[in-house]
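Only one structure is covered here, and it is reproduced in the block below.
Number of protein chains: 2
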Amino acid sequence: MTPKLVAGIEPPYYTAVFTSVRPDAPEGYAETSVRMQEIVREVPGFLGYESARTPGGIGITVAYFRDLEALDKWRLDTEHQAAKRYGREHWYDSYSVHIGKVERSYGFERE
Amino acid sequence: MTPKLVAGIEPPYYTAVFTSVRPDAPEGYAETSVRMQEIVREVPGFLGYESARTPGGIGITVAYFRDLEALDKWRLDTEHQAAKRYGREHWYDSYSVHIGKVERSYGFERE
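As you go down the protein sequences, you meet chains Y and C in turn.
Numbering follows the UniProt record's numbering, with no gaps: position 15 of the first sequence is 15.
Numbering follows the UniProt record's numbering, with no gaps: position 67 of the second sequence is 67.
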């Protein structure tokens, strides 16, 4: 299956860029990740996400939201906050979050 | 070697998020990638970048710039533009670019 990008979102919108360093498959991570995907999809204004991880390297996830209200709803979700706290204690060596307002975007798709 | 994240940049700054679908190691890609890294490091206002690629999945690169002037200098660089054109013709099935202004960022690093 060819992976698909999130495409065709009209600006303005918001990106939450999450970059992290952690072991490749820490205990309990996969289950929590699936659960977080369930929760974020229920947030009104959530527009999609993309995720990549280089084995032995870093991981980057980009989540797209229509506005800051949607992004904050996700950021402050109780179960999400508990997962982040658990992640800091058990999984992550380091992470960064960059919240940006997108005014310009473009893309390419092979015919 | 533990991978390191770009950290400690004070907002406001800009992120260029580049997400792409392509074969894992197309011909000529690695050399061009090295050359692009050389060029972008010379752009005044370039603050660093991070890159991740899931084998068989998508790739995400995030580049950080102090302002739009720096980002546009990189975006419009002649050699960079030629590389993108070559990439569209030879490497990429699809890609997206999202240019965002970051007003809020935070991070975590294990003690």
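Built from N, CA and C at the ideal position, the CB exists for glycine as well.
Taking Cβ-Cβ distances shorter than 9 angstroms, what residues in chain C pair up with residue i?
{"i": "T32 (chain Y)", "result": "In chain order: nothing, as chain C lies at least about 16 angstroms away."}
Who are the neighbours of residue i on chain C, taking C-beta pairs under 7 angstroms?
{"i": "F108 (chain Y)", "result": "R88, Y92, S94 and Y95"}
{"i": "H98 (chain Y)", "result": "T15, V102 and S105"}
{"i": "G57 (chain Y)", "result": "P3 and A52"}
{"i": "I60 (chain Y)", "result": "E50, A52, I60 and V62"}
Relative to the alpha-carbon of residue i, which residue among the options has its alpha-carbon at the smallest distance?
{"i": "H80 (chain C)", "options": "C:Y106, C:I58 and C:Y29", "result": "C:Y29"}
{"i": "E27 (chain Y)", "options": "Y:W91, Y:K73, Y:A70 and Y:P44", "result": "Y:W91"}
{"i": "D24 (chain C)", "options": "Y:T61, Y:R41 and Y:T2", "result": "Y:T2"}
{"i": "R22 (chain Y)", "options": "C:K4, C:V43, C:R88 and C:R104", "result": "C:K4"}
{"i": "G45 (chain Y)", "options": "Y:S105, Y:E89, Y:E10 and Y:E111", "result": "Y:E10"}
{"i": "R85 (chain C)", "options": "Y:K84, Y:E109 and Y:R66", "result": "Y:E109"}
{"i": "V43 (chain Y)", "options": "Y:T61, Y:R88 and Y:F65", "result": "Y:F65"}
{"i": "E111 (chain Y)", "options": "C:R41, C:V34 and C:E89", "result": "C:E89"}
Since I believe residue j is in contact with residue i (beta carbons under 8 angstroms), could you give me their beta-carbon distance rounded to a whole number of angstroms?
{"i": "S96 (chain C)", "j": "G107 (chain Y)", "result": "4 angstroms"}
{"i": "V102 (chain C)", "j": "G59 (chain Y)", "result": "Actually they do not touch by this definition, with Cβ atoms about 19 angstroms apart."}
{"i": "A82 (chain C)", "j": "A16 (chain C)", "result": "With a Cβ gap of about 18 angstroms, A82 (chain C) and A16 (chain C) do not count as contacting."}
In chain Y, which residues lie with their C-beta within 8 angstroms of the C-beta of residue i?
{"i": "A7 (chain C)", "result": "S94 and S96"}
Give me the subset of the segment 17–29 of chain Y whose CB atoms are less than 8 angstroms from a CB atom of chain C, sorted by chain position.
Cβ contacts with chain C: V17, T19, S20 and V21.
Would you check if there are 3 or more beta carbon pairs closer than 8 angstroms linking the segment 41–52 of chain Y to the segment 83–96 of chain Y?
Touching, no.
Quick one: any contact between the segment 62–78 of chain C and the segment 66–86 of chain Y, if contact means 3 or more CB pairs under 8 angstroms?
The answer is no - the segment 66–86 of chain Y does not touch the segment 62–78 of chain C, with fewer than three Cβ pairs under 8 angstroms.
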